[in-house]
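Just so you know, the protein sequences line up as chains H and L, in that order.
So our numbering is basically just the index in the first sequence, starting at one, shifted up by 94.
So our numbering is basically just the index in the second sequence, starting at one, shifted up by 94.
Below you'll find the structure, written out as structure tokens, and then a few comments.
Number of protein chains: 2
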Amino acid sequence: MDPLLDLPQLRTFYTLAQAGSFTACARRLNRTQSAVSHAMTKLEGLAGAPLLDRRGRELGLTEEGRRLFLACEQAFATLDAAADDLRRHQPHARGRLRLGATVEFGSSILMRHMQPFLAANPELEIDFTLRPDLLAPLLRDDLDLIIDCLDHPLPSLKKTTLFRETYVVACAPTFRKAHCLRVPVDLSGVPILSIDKAGAWWNRFLMAVPDQEQPLMDRIIEVNHIRAMIHAAIEGMGALLVPRYSVLEELRRGDLVALFPAICPAEDRFSIYQKKVKAGQEKQRLLTRYLQSLSPAEFGS
Amino acid sequence: MDPLLDLPQLRTFYTLAQAGSFTACARRLNRTQSAVSHAMTKLEGLAGAPLLDRRGRELGLTEEGRRLFLACEQAFATLDAAADDLRRHQPHARGRLRLGATVEFGSSILMRHMQPFLAANPELEIDFTLRPDLLAPLLRDDLDLIIDCLDHPLPSLKKTTLFRETYVVACAPTFRKAHCLRVPVDLSGVPILSIDKAGAWWNRFLMAVPDQEQPLMDRIIEVNHIRAMIHAAIEGMGALLVPRYSVLEELRRGDLVALFPAICPAEDRFSIYQKKVKAGQEKQRLLTRYLQSLSPAEFGS
DNA sequence: ATAAGACATGAATATGATTCATACCCATGG
DNA sequence: CCATGGGTATGAATCATATTCATGTCTTAT
């Protein structure tokens, strides 16, 4: 009877009120800012009254918004508790699961977040395979489930998107100072770290740079391993382009500094792929859900 | 973080638990039984445990289902209260709204359900126009909003579906006895009431009858008004084909009896149409929502 | 000013929920 | 025992809607 307040928009509203900004809310929900905005427009439309108080900075709630928020708080707490309850009463999934992932993601992120899952599912035996080519082993049934940033649009596979991976250009602080790196052109003639000698690795960055500002990168140092590249960069060997998640620590500690924040290289989307015929299995669904539930923040995106 | 229990499926589950059967639930929600079934399949999948206990007759809830139901009860009560609250605190919509509807639906159903809305919105002046051709006045802006069973797929119109209208063949009990009406062929040679002399009115019925059982309807009595036709039928003048909602009372009281329940003539779908440019207006949204909220049961479908 | 950050918005797209058509199951009554 | 009817399940097609993409606007800070 009351189609008003049922919709996914409410979850968004609730998260938004907690997050304090559209952008932050979007990050938490692994959506775009635009999606949050659309959702709120619609919700306010349905509610028939403004719920949000957008005065420039800090967004607040209107009186109505506040009341609605309280209701959400209570309602969602109840539902979430019920969900927990359901999960708790489930028998443990059993069996073996062979999980594949890209090397860098797997080693730097994935491994750091699997322990809680393993602990919660002691009957489940999980094996990890980190390697570049993941599709073939998946199709060969050497792996049950892979996490990959390449797109595999096969009808026999079920795809579950996880998060976007953003890239950063970075270098050691001293390196930046030494070469006066302020805009992309400044990279001309400067030592560049790349997976491949040809510099194709950097294309995703170059494509995001306006034509007039294209640097001429002629001093490329090939390093075929991301972690190695990062260490090289920390030592001041050159500038590098890497997934942001792989250098979160280094950025935080100041070992590396991000260059040209205005330039946003193309993102990759990490997804889980699994054979449709096997995606229904309890253990696969469980793991998929767990991986999804790791908030994007955990992945550092 | 918890994508499990957020979905519209929960509302369905909640309604289902109350309704006691998939079909009943579907009716309440103005969906098909199939939709309910799919939703429950998905919900149980997400929950990871069966929630419903389908043992032939009466469907019950499993232990998990019962717990979930309690949570739903509480959560939805909270949210619904919040929704009410929002509505109550809204200033009354003001203005005038010219509502058009088909004659039979308007007079027999619509009018019986508008009073609460009018009372709740004293500042709103609503005029009713019941007539067959509704589209033209709507486009001419002689009407703001029409309820029609004809499809008007114009890009400038916003369509909001309301409910399905089912048709019944019926006649007076004595009439049935007199003519031994058991299967459609028995209508051959029997007096038939129709809006049009040619009997095109009956096509929706004839199309639902298998070829071998087609009656030869050669005694057609033309009556160009549904209500008049109903009175004629009650008096035993002939068999008629009418929207079920228009004879609910007569069927209940036994003045008329439904014939051939196995035959289901094509249904009509009633929808609200309004110009997109005006659909955003508070008063129009309000009325649309109200009409939608009248459960299909109220419409007798 | 100008740049940077945060929100809005329209069109295109992707992800779903819903329907349709049909099959299945189980009681009931010729 | 098999037809019949009421109720549910299911796969494919469809339709609705949420989300993204590509912008635009507005505000605050430099």
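Ideal Cβ positions, reconstructed from N, Cα and C, are used throughout, including at glycine.
| Check | Outcome |
| --- | --- |
| Contacts of A141/L in chain H (Cβ-Cβ under 7 Å) | L180 |
| Q168/H, enclosing beta strand (DSSP E) - first and last residue | Not the beta strand (DSSP E): Q168/H falls in the alpha helix (DSSP H), residues 157 to 182. |
| Beta-carbon proximity list for S365/H, same chain, < 7 Å, skipping 5 on both sides | D242, K253, T254, T255, L256 |
| Chain L within 8 Å of I161/H, Cβ atoms only | Residue 161/H is actually Arg in this sequence, not Ile. Closer than 8 Å to some Cβ of chain L, the Cβ of R161/H qualifies, so yes. |
| Three-state secondary structure assigned by DSSP to R347/L | helix |
| Unbroken stretches of the alpha helix (DSSP H), 4 residues or longer, contained in the segment 233 to 273 of chain L | 267 to 273 |
| Interface flag, L229/L vs chain H, CB-CB below 8 Å | no |
| Interface residues of the segment 102 to 113 of chain H facing chain L [CB-CB below 7 Å] | P102, R105 |
| Buried/exposed call for M134/L, threshold 16 Cβ in 10 Å | buried |
| Contact between the segment 273 to 288 of chain H and the segment 301 to 314 of chain H (3+ Cβ pairs under 8 Å) | yes |
| For L218/L, the nearest candidate out of A327/L, R192/L, I314/L (CA to CA) | R192/L |
| Collapsed DSSP secondary structure at P337/H in the structure displayed | strand |
| Start-to-end residues for the beta strand (DSSP E) that takes in P396/L | The structure shown has nothing for residue 396/L, since chain L only spans 95 to 395. |
| C274/L burial status per 10 Å Cβ neighbour count (16 or more: buried) | exposed |
| Contact set between T172/L and chain H, taken where Cβ atoms lie within less than 8 Å | A165, Q168, A169, T172 |
| Classification of Q378/L by the beta-carbon crowding that lies within 10 angstroms, buried from 16 upward | buried |
| Pick from E361/L, S250/L, G330/L that is closest to F299/L, judged by C-alpha positions | E361/L |
| Under the three-state DSSP convention, the category R105/L falls into | helix |
| Rounded separation between R149/H and L110/H - CA only | 15 Å |
| Beta-carbon proximity of T126/L to A120/L, cut-off 8 Å | yes |
| Within-8 Å CB hit, E158/H to chain L | yes |
| Test: P183/L CB closer than 8 Å to a CB of chain H | In the sequence on display, residue 183/L carries His and not Pro. Cβ-Cβ to chain H under 8 Å: yes for H183/L. |
| DSSP state of G330/L mapped onto helix, strand, coil | coil |
| Short CB-CB distance (under 8 Å) between A373/H and chain L | no |
| Sequence-distant residues of its chain with Cβ nearer than 6 Å to F222/H (five each side left out) | L193 |
| Minimum Cβ-Cβ distance from A133/H to chain L less than 8 Å | no |
| Cutoff 6 Å; reference L204/H; Cβ partners in own chain excluding five residues on either side | A195 |
| Opening and closing residue of the beta strand (DSSP E) in which F364/H lies | 362 to 369 |
| Chain L contact for A322/H (CB, 8 Å cutoff) | no |
| is_contact[A176/L, chain H] using C-beta, thresh 8 Å | yes |
| Q308/L: CB within 7 Å of a non-hydrogen atom of the ligand GTP | With respect to small molecules bound, the structure shown includes none, and the ligand GTP cannot be examined in it. |
| Cβ-Cβ separation, L153/H to F163/H (assumed contact under 8 Å), whole Å | That belief does not hold up - the Cβ atoms of F163/H and L153/H are roughly 12 Å apart, past 8 Å. |
| Every unbroken alpha helix (DSSP H) within the segment 199 to 230 of chain L, with a cutoff of 4 residues, ordered by chain | 209 to 214 |
| Beta-ladder partner(s) of A133/L, from DSSP | None; A133/L has no bridge partner. |
| Chain-order list of residues whose beta-carbon lies under 7 Å from that of A187/H (same chain, five-residue window excluded) | N215, E217, L218, E376, K377, L380 |
| Closer than 8 Å to chain H by CB, D147/L | no |
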